[in-house]
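S.K.: In our numbering, the protein residues as written are 131 to 491. Even glycine gets a Cβ: it sits at the ideal position worked out from N, Cα and C. Could you have a look at this structure, given as structure tokens, before my questions?
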Amino acid sequence: MKTIDLTFNKTSQNYQIQIGQGLLDDKQAFINSIKSSQVLIISNEVVAPLYLDPLKQTLQAFECFEYIVPDGEQHKSLQQFEAIISFMIENRLRRNATIIALGGGVIGDLSGYVAASYYRGIDFIQVPTSLLAQVDSSVGGKTAVNHPLGKNLIGAFHQPKKVITDIDTLKTLPEREFRSGIAEIIKAAIIADSDFFSWLEGNYQAILSQDANVLASMIARSCQIKADIVANDEKEQGTRAWLNLGHTFAHAIEKDMGFGTLLHGEAVAIGLCLAANFNQQRQQLTGVDKQKIFKLVARFGLPTCIPAQLSAESLINAMSIDKKNIDQDLTLILPSSIGRVTIENNISKNEMYDFLAQQLN
Ligand SMILES: NC(=O)c1ccc[n+]([C@@H]2O[C@H](COP(=O)([O-])OP(=O)(O)OC[C@H]3O[C@@H](n4cnc5c(N)ncnc54)[C@H](O)[C@@H]3O)[C@@H](O)[C@H]2O)c1
Numbered sequence: 131m132k133t134i135d136l137t138f139n140k141t142s143q144n145y146q147i148q149i150g151q152g153l154l155d156d157k158q159a160f161i162n163s164i165k166s167s168q169v170l171i172i173s174n175e176v177v178a179p180l181y182l183d184p185l186k187q188t189l190q191a192f193e194c195f196e197y198i199v200p201d202g203e204q205h206k207s208l209q210q211f212e213a214i215i216s217f218m219i220e221n222r223l224r225r226n227a228t229i230i231a232l233g234g235g236v237i238g239d240l241s242g243y244v245a246a247s248y249y250r251g252i253d254f255i256q257v258p259t260s261l262l263a264q265v266d267s268s269v270g271g272k273t274a275v276n277h278p279l280g281k282n283l284i285g286a287f288h289q290p291k292k293v294i295t296d297i298d299t300l301k302t303l304p305e306r307e308f309r310s311g312i313a314e315i316i317k318a319a320i321i322a323d324s325d326f327f328s329w330l331e332g333n334y335q336a337i338l339s340q341d342a343n344v345l346a347s348m349i350a351r352s353c354q355i356k357a358d359i360v361a362n363d364e365k366e367q368g369t370r371a372w373l374n375l376g377h378t379f380a381h382a383i384e385k386d387m388g389f390g391t392l393l394h395g396e397a398v399a400i401g402l403c404l405a406a407n408f409n410q411q412r413q414q415l416t417g418v419d420k421q422k423i424f425k426l427v428a429r430f431g432l433p434t435c436i437p438a439q440l441s442a443e444s445l446i447n448a449m450s451i452d453k454k455n456i457d458q459d460l461t462l463i464l465p466s467s468i469g470r471v472t473i474e475n476n477i478s479k480n481e482m483y484d485f486l487a488q489q490l491n
């Protein structure tokens with residue numbers, strides 16, 4: 131079992147990320163972080179049939195409520211938010227109740243936002259069950275629901291009391307979702323840890339065959355990288371932007387393909403390769419490092435190229451409305467070596483257009 135203690139310098143909020151096997155059955159993992167008798171487990175129609183009963187068994191000392199949301203990103207919505215709040219009021223959940231988010235990033239974000247809002251903020255525990263949620267969305271305290279006009283437009287920063295990551299839950303995760311989660315792990319290595327990048331190169335077969343020890347080490351290292359970045363910039367005013375490596379490209383590709391065609395991690399994988407290629411062409415990244423990034427992404431069966439049906443015009447338009455671009459030029463996070471990124475504010479749209487057109491040739 132691996133434990134990461136997350137400490138925020140500025141807000142003195144601390145919590146633990148516990149990573150291991152069999153944690154859903156481990157009463158001790160939960161009990162110390164729940165201070166009242168009432169617990170609400172929020173899950174979805176896919177994850178609940180797999181893991182709700184064992185978790186309720188573990189929490190049998192508490193008065194346990196459950197709320198099951200339909201599966202899918204479209205249910206990370208204000209409608210679901212309101213329905214859950216109504217359920218909580220009707221069932222007289224008190225302000226010292228604890229919410230437990232059992233599921234992937236959709237359930238984590240939605241439950242976190244409910245927890246941030248109910249009585250102006252109650253405790254919540256994340257039990258992430260997708261790889262993406264285990265390495266990314268459960269760390270850092272961002273909670274949100276979508277608005278019809280855009281993703282994650284309504285939300286709050288609300289840190290969980292604890293993150294309990296049972297890697298056994300990955301056994302039921304569809305393989306495509308598993309591979310997609312790897313993209314965020316490669317991203318973390320490129321941002322901050324060349325040794326971890328080499329470790330991923332050396333262990334990719336064990337990762338794909340889901341060796342439990344290797345998975346636990348990988349998830350722990352990845353969380354630690356994100357935790358260190360977040361701890362220095364909890365409210366995203368500076369270096370937390372590094373975590374957007376590959377994402378300006380990825381959001382544009384996802385938007386142009388139609389959301390849901392590519393998984394988010396697949397679009398991020400392409401974004402990582404584009405960021406590496408772009409900076410190598412500007413002679414800010416060596417060809418050797420660029421090749422390593424492409425090779426590692428491909429080893430995990432993730433895409434490296436922009437889908438041929440997209441156009442440079444529509445991609446540049448989508449990139450221009452990315453919320454990181456304050457004025458005319460584009461802002462991008464770019465790798466200057468494996469383990470180091472820089473924030474570049476002055477990428478001209480003409481330069482980017484030429485690059486994208488060349489990629490699509
Ligand atoms: N808060 C943050 O910092 C942050 C960061 C990154 C992403 N996100 C958000 O996370 C969401 C994406 O998360 P996701 O990729 O986990 O998507 P998801 O929650 O939709 O899960 C993906 C699919 O896997 C299923 N699933 C999850 N765990 C399973 C398991 N153990 N066994 C079988 N099926 C399982 C889900 O039901 C779903 O069908 C997006 O809404 C994104 O905006 C948030």
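In chain order, what are the residue ranges of uninterrupted beta strand (DSSP E) at least 3 long that sit wholly in the stretch 161-207?
M.R.: 168-174, 193-199
S.K.: Let's test the definition: count the other Cβ atoms within 10 Å of the Cβ of His-381 and tell me whether it reaches 16, buried, or not, exposed.
M.R.: Here residue 381 is taken as the residue at index 251 of the sequence shown, counted from 1. The residue in question, His-381, is buried, as its Cβ has 16 or more Cβ neighbours within 10 Å.
S.K.: Taking the alpha-carbon positions, what's the Leu-154 to Gln-354 distance?
M.R.: The residue given as residue 154 occupies position 24 in the sequence shown. The residue given as residue 354 occupies position 224 in the sequence shown. C-alpha separation (whole angstroms): 22 Å.
S.K.: List the DSSP bridge partners of Arg-470.
M.R.: In the sequence shown, counting from the first residue as 1, residue 470 sits at position 340. Beta-bridge pairing links Arg-470 to Ser-467.
S.K.: Of all Cβ atoms in chain B, is any one closer than 9 Å to the Cβ of Ser-163?
M.R.: In the displayed structure, chain B is absent; only one protein chain is listed.
S.K.: Taking the CB atoms as reference points, tell me whether Gly-262 and Gly-395 lie closer together than 9 Å.
M.R.: In the sequence shown, the residue the question calls residue 262 occupies position 132. In the sequence shown, the residue the question calls residue 395 occupies position 265. In the sequence under discussion, the amino acid at residue 262 is Leu, which differs from the Gly named in the question. Yes; because the gap between Cβ atoms is below 9 Å, this pair is in contact.
S.K.: Going by CA-CA distance only, name the one from Gln-410, Ala-448, Asp-296, Ala-159 that's closest to Gly-388.
M.R.: The count along the sequence shown starts at 1 and reaches residue 388 at position 258. The residue with the shortest Cα to Cα distance from Gly-388 is Ala-448.
S.K.: Compute the beta-carbon to beta-carbon distance between Leu-232 and Tyr-181, rounded to the nearest angstrom, for a pair I have assumed lies under 8 Å.
M.R.: Residue mapping note: residue 232 aligns to position 102 of the sequence shown, counting from 1. Residue mapping note: residue 181 aligns to position 51 of the sequence shown, counting from 1. The Cβ separation is near 6 Å, so the contact holds.
S.K.: Please classify Thr-472: is it buried, with 16 or more other beta-carbons within 10 angstroms of its beta-carbon, or exposed?
M.R.: Translated into the one-based positions of the sequence shown, residue 472 becomes position 342. With fewer than 16 Cβ atoms within 10 Å of its Cβ, Thr-472 is classed as exposed.
S.K.: Give the list of continuous alpha helix (DSSP H) stretches no shorter than 4 residues that lie fully inside the stretch 406-463.
M.R.: If one requires a minimum length of 4 residues, the alpha helix (DSSP H) runs lying completely within the stretch 406-463 are 417-429, 442-450, in chain order.
S.K.: Let me know the secondary structure DSSP gives His-277 once reduced to three states.
M.R.: Your numbering for residue 277 matches position 147 in the sequence shown. Strand at His-277.
S.K.: I'd like to confirm something about Ile-230: is its beta-carbon nearer than 8 Å to some heavy atom of ligand 1, or not?
M.R.: For the purposes of this step, residue 230 is taken as residue 100 along the sequence shown, with counting starting at 1. Ile-230: no, Cβ never under 8 Å from ligand 1.
S.K.: Report yes if the CB atom of His-377 is closer than 9 Å to the CB atom of Ile-252, and no otherwise.
M.R.: Numbered from 1 along the sequence shown, position 247 holds the residue referred to as residue 377. Numbered from 1 along the sequence shown, position 122 holds the residue referred to as residue 252. No, Cβ-Cβ distance for His-377 and Ile-252 is not below 9 Å.
S.K.: For a test of your reading of the model: does the CB of Ile-237 fall under 8 Å from any non-hydrogen atom of ligand 1? Yes or no.
M.R.: One-based indexing of the sequence shown puts residue 237 at position 107. Within the cutoff, so yes.
S.K.: Evaluate Gly-238 with the Cβ neighbour count: other Cβ atoms within 10 Å of its Cβ, from every protein chain shown; 16 or more gives buried, anything less gives exposed.
M.R.: Sequence index remark: in the sequence shown, residue 238 carries index 108 (1-based). Buried, by the Cβ-count rule.
S.K.: Do you know offhand how far Ser-339's Cα is from Ala-487's?
M.R.: For the purposes of this step, residue 339 is identified with residue 209 of the sequence shown, where counting begins at 1. For the purposes of this step, residue 487 is identified with residue 357 of the sequence shown, where counting begins at 1. The alpha-carbon atoms of Ser-339 and Ala-487 are separated by roughly 38 Å.
S.K.: If you count every other CB in all the chains shown that lies within 10 Å of the CB of Thr-228, and 16 or more means buried, which is it?
M.R.: Position 98 of the sequence shown, counted from the first residue, corresponds to residue 228. With 16 or more other Cβ atoms within 10 Å, it is buried.
S.K.: Could you tell me if the beta carbon of Tyr-197 falls within a distance shorter than 8 Å of some heavy atom in ligand 1?
M.R.: One-based indexing of the sequence shown puts residue 197 at position 67. Incorrect: Tyr-197 has no Cβ contact closer than 8 Å to ligand 1.
S.K.: Between the Cα of Leu-375 and the Cα atoms of Ile-321, Gly-469, Lys-422, His-277, which residue gives the shortest distance?
M.R.: Within the sequence shown, the letter at position 245 stands for residue 375. Out of Ile-321, Gly-469, Lys-422, His-277, Ile-321 has the C-alpha closest to the C-alpha of Leu-375.
S.K.: Does the distance from the C-beta atom of Ile-171 to that of Ile-214 stay below 9 Å?
M.R.: In the sequence shown, counting from the first residue as 1, residue 171 sits at position 41. In the sequence shown, counting from the first residue as 1, residue 214 sits at position 84. The answer is no: Cβ separation not under 9 Å.
S.K.: With H, G and I counted as helix, E and B as strand and the rest as coil, what does DSSP make of Ile-230?
M.R.: Start at 1 with the first residue of the sequence shown, and residue 230 comes out as number 100. Of the three classes helix, strand and coil, the one that applies to Ile-230 here is strand, per DSSP.
S.K.: I need the DSSP call for Phe-254, collapsed to helix, strand or coil.
M.R.: Along the sequence shown, read from residue 1 onward, the residue named residue 254 stands at position 124. In this structure, Phe-254 counts as strand in the three-state DSSP scheme.
S.K.: Give the list of continuous alpha helix (DSSP H) stretches no shorter than 4 residues that lie fully inside the stretch 296-384.
M.R.: 305-322, 324-338, 342-362
S.K.: Look up Lys-291 in the DSSP assignment and say whether it is helix, strand or coil.
M.R.: Counting from one through the sequence shown, the residue named residue 291 turns up at place 161. Correct three-state label for Lys-291: coil.
S.K.: Could you tell me the boundaries of the beta strand (DSSP E) in which Asn-144 lies?
M.R.: In the sequence shown, counting from the first residue as 1, residue 144 sits at position 14. Its beta strand (DSSP E) spans residues 144-150.
S.K.: Could you pull out every residue in the same chain whose Cβ sits closer than 7 Å to the Cβ of Ser-241, ignoring the five residues on either side in sequence?
M.R.: By 1-based counting over the sequence shown, the position of residue 241 is 111. Once the five neighbours on either side are set aside, the close Cβ partners of Ser-241 are Ile-172, Ile-229, Ala-231, Phe-254.
S.K.: Once the 5 residues before and after Asn-174 are set aside, which same chain residues still bring their CB inside 6 Å of it?
M.R.: Indexing the sequence shown from 1 puts residue 174 at position 44. Closer than 6 Å at Cβ, skipping near neighbours: Val-199, Asp-201, Gly-233, Ile-237.
S.K.: When you measure from the CB of Tyr-181 to every non-hydrogen atom of ligand 1, does any distance come out below 8 Å?
M.R.: Here the question's residue 181 lines up with position 51 in the sequence shown. Indeed, a heavy atom of ligand 1 lies less than 8 Å from the Cβ.
S.K.: Is it the case that the Cβ atoms of Glu-314 and Asp-266 are separated by a distance below 9 Å?
M.R.: Taking the sequence shown and counting its residues from 1, one reaches residue 314 at position 184. Taking the sequence shown and counting its residues from 1, one reaches residue 266 at position 136. Closer than 9 Å, so yes.
S.K.: If Lys-165 sits next to Thr-188, beta carbons under 8 Å apart, how far is it from one beta carbon to the other, in whole angstroms?
M.R.: Position 35 of the sequence shown holds residue 165. Position 58 of the sequence shown holds residue 188. About 17 Å; that fails the 8 Å criterion.
S.K.: From Lys-425, Asn-144, Ile-149, Gln-421, pick the residue whose C-alpha is nearest to that of His-288; which is it?
M.R.: Along the sequence shown, read from residue 1 onward, the residue named residue 288 stands at position 158. Distances from the alpha-carbon of His-288 to those of Lys-425, Asn-144, Ile-149, Gln-421 put Asn-144 closest.
S.K.: Quickly, what does DSSP pair Ala-286 with across the bridge? List them, please.
M.R.: For the purposes of this step, residue 286 is taken as residue 156 along the sequence shown, with counting starting at 1. Per DSSP, Thr-273.
S.K.: Can Lys-270 be considered in contact with ligand 1, in the sense that its beta carbon sits closer than 8 Å to one or more heavy atoms?
M.R.: In the sequence shown, counting from the first residue as 1, residue 270 sits at position 140. Contrary to the premise, residue 270 reads as Gly rather than Lys in this sequence. The answer is yes for Gly-270.
S.K.: Alpha carbon to alpha carbon, how far is Asn-226 from Glu-220?
M.R.: As a first step, residue 226 must be located in the sequence shown, where it is residue number 96. As a first step, residue 220 must be located in the sequence shown, where it is residue number 90. Roughly 16 Å between the two C-alpha positions.
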